[in-house]
Amino acid sequence: MHKRIYLSSPTMHGEEMQFIQEAFDTNWIAPLGANVDGFEKEMASFLGIADAAALSSGTAALHLAMKLCRIAKDDLVFCSDFTFAATVNPVSYESGRQVFIDSERDTWNMDPVALEKAFFIYPNAKAVVVANLYGTPAKLDELSSICAKHGVPLIEDAAESLGATYKGKQTGTFGRYAALSYNGNKIITTSGGGMFLSNDTESVKKVRFLATQARDPAPWYQHSELGYNYRMSNVVAGIGRGQLLHLNEHIALKKRIYETYQKAFSDLPVMMNPHLAESSPNYWLSCLLLDKGCPVKPSQVIEALSKENIESRPIWKPMHLQPIFAENDFVFLGDKDVGGDIFERGLCLPSDIKNTDEDLSRVIEIVRSCFT
Ligand SMILES: *Cc1c(COP(=O)(O)O)cnc(C)c1O
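For the sequence shown, full-length UniProt numbering begins at 1 and goes up steadily by one.
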């Protein structure tokens with residue numbers, strides 16, 4: 001059997017261990033400490049944002065963003081439809097209700113025209129959560145100005161898009177709040193973790209407060225608000241500091257994988273996940289979209305790769321097609337369900353930066369063999 005080829009697995013470099021060693025040497029394993037402070041500062045400075053709070057997950061960051069938006073029972077929140085469930089679940093944690101907004105074809109992210117339509121149908125919506133899927137920036141200017149026009153905060157789910165830029169500006173810096181994830185398969189990882197971002201330093205302070213059990217500044221344990229245990233540990237933050245040193249290198253390697261596939265499949269009835277000319281994705285996952293009417297189905301390609309010990313994956317199943325959200329509204333244009341269509345025709349190819357040229361050639365050969 002050939003060695004396993006992964007979709008996207010962690011890649012460590014060595015500096016991670018040095019930061020962890022420092023935490024051990026100073027006996028500063030927990031709670032917070034130099035690595036948490038350093039990781040927050042270094043990430044905020046890399047992104048060009050005022051402040052960042054290191055948390056236990058990206059989902060926790062999105063949850064606290066919902067809290068800061070004061071989402072309450074039955075409040076409507078417009079959410080990307082075509083995404084991972086973690087983008088939208090935090091709305092339910094606060095008993096709000098998601099209205100899913102369809103994607104456009106240029107970036108596969110939230111369609112600004114469908115968002116406008118949603119505001120027409122539901123003028124009372126309280127917030128908008130937009131994911132930059134697979135590392136590709138959404139149409140962030142258009143989405144931002146629609147949110148501004150309606151006086152509603154934009155929350156960016158940048159869990160998959162760390163390091164991607166839109167018109168030269170980092171994703172995660174467009175919304176009032178944004179979330180990053182350092183989960184195991186993301187472009188950089190801390191094994192598990194996330195970050196809350198904002199240019200409003202008071203909001204970030206509030207997030208640190210809520211994430212550490214919301215202790216009032218009193219001499220005894222006193223609480224006036226509901227708190228959470230959502231902070232990142234000082235050991236985990238050490239991994240993040242080491243990984244951040246290699247983020248740009250990871251992006252360059254991911255881009256090379258994407259371009260290799262793009263070139264290798266240029267004569268097949270397929271396209272790669274698209275992006276705007278004015279944006280630079282981080283190319284987290286390379287995705288393949290089979291042409292309409294193509295006799296090959298994504299499941300056949302996934303199966304063929306799997307037989308050769310190669311990991312690939314279906315495209316995210318849109319939220320409006322999820323049993324748990326069967327009752328939620330879905331706003332789309334005309335009679336087209338763009339997310340559903342991409343789901344039916346798409347798949348994610350192995351995008352692990354440790355894959356060698358030889359590994360990539362194997363993947364390419366097997367994918368091409370499905371079309372002969
Ligand atoms: C990974 C991911 C999340 C959640 O991040 P965790 O750190 O795993 O909680 C949220 N949204 C998207 C789009 C993701 O891919």
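C-beta atoms are modelled at their ideal positions from N, C-alpha and C, and glycine is treated no differently. The structure displayed is predicted, hence computed values, not measured ones.
DSSP puts Lys169 in a beta bridge; with which residues? Tyr166
Can you look up Cys79 in the DSSP assignment and give me helix, strand or coil? strand
Neighbouring residues (CB closer than 7 Å to any heavy atom of ligand 1): Ser57, Gly58, Thr59, Ala60, Leu62, Thr83, Phe84, Ala86, Thr87, Ala131, Leu133, Asp157, Ala159, Glu160, Ala179, Ser181, Tyr182, Asn183, Lys186, Gly192, Gly193, Gly194
Which whole-angstrom value is the C-beta distance of Leu289 and Gly346, which I expect to be below 8 Å? 5 Å
According to DSSP, is Thr260 helix, strand or coil? helix
Helix, strand or coil at residue 374 [DSSP, three-state]: The displayed coordinates of the chain run from 1 to 372. Any statement about residue 374 would go beyond what the structure contains.
Through-space distance from Asn282 to Leu162, alpha-carbon basis: 7 Å
Is DSSP giving Ile5 helix, strand or coil here? strand
Taking buried to mean at least 16 other C-beta atoms within 10 Å of its own C-beta, is Tyr258 buried or exposed? buried
Buried or exposed by the 16-neighbour rule on C-beta atoms within 10 Å, applied to Lys254: buried
For Gly194, does the three-state DSSP call read helix, strand or coil? strand
For Phe84, which option in Gly58, Ala127, Glu308 has the closest C-alpha, if you only look at C-alpha atoms? Gly58
Cβ contact (3+ pairs, closer than 8 Å) linking the segment 67-76 and the segment 89-108: yes
Compute the Euclidean distance between the alpha carbons of Ile366 and Ser8, then round it to the nearest angstrom. 18 Å
Other residues of its chain near Gly340: CB distance less than 7 Å, five sequence neighbours each side excluded: Pro318, Leu321
Inspect the CB distances between the segment 8-18 and the segment 344-364 and report whether three or more fall short of 8 Å. yes
Once you ignore the five residues that flank Ser181 on each side, which residues in its own chain have a CB closer than 6 Å to its CB? Gly58, Ala159, Gly194
Short of 8 Å in beta carbon distance, which residues of its chain neighbour Pro274, apart from the five on each side in sequence? Order them along the chain. Arg105, Asp106, Thr107, Trp108, Thr136
Val99 and Asp329 - do their beta-carbons sit closer together than 9 Å? yes
Three-state class that DSSP yields for Glu156 in the structure shown: strand
C-alpha distance - Lys41 paired with Cys348, whole-angstrom precision: 33 Å
Taking only three categories from DSSP, how would you classify Ser266? coil
Element boundaries [alpha helix (DSSP H), containing Asp37]: 34-47
When you compare only the Cα positions, how much space is there between Asp51 and Asn309? 43 Å
Could you tell me the alpha carbon to alpha carbon distance between Gly48 and Arg176, rounded to whole angstroms? 14 Å
Are the CB atoms of Leu360 and Tyr261 within a distance shorter than 9 Å? yes
Inter-residue spacing [alpha-carbon to alpha-carbon] between Ser16 and Tyr230: It should be noted that the sequence gives Glu, not Ser, for residue 16. C-alpha separation (whole angstroms): 22 Å.
Under the three-state DSSP convention, the category Ala277 falls into: coil
How would you write the range of the alpha helix (DSSP H) that Cys348 sits in, first residue to last? First-last for Cys348: 346-348, but that is the beta strand (DSSP E), not the alpha helix (DSSP H).
Please state whether DSSP places Ser161 in a helix, a strand or coil. coil
According to the neighbour-count rule (16 or more other Cβ atoms, all chains shown, within 10 Å of its Cβ), is Met1 buried or exposed? exposed
Is the separation between the beta-carbon of Phe78 and that of Tyr134 shorter than 9 Å? no
Separation of Asp335 from Gly184, as counted between CA atoms: 38 Å
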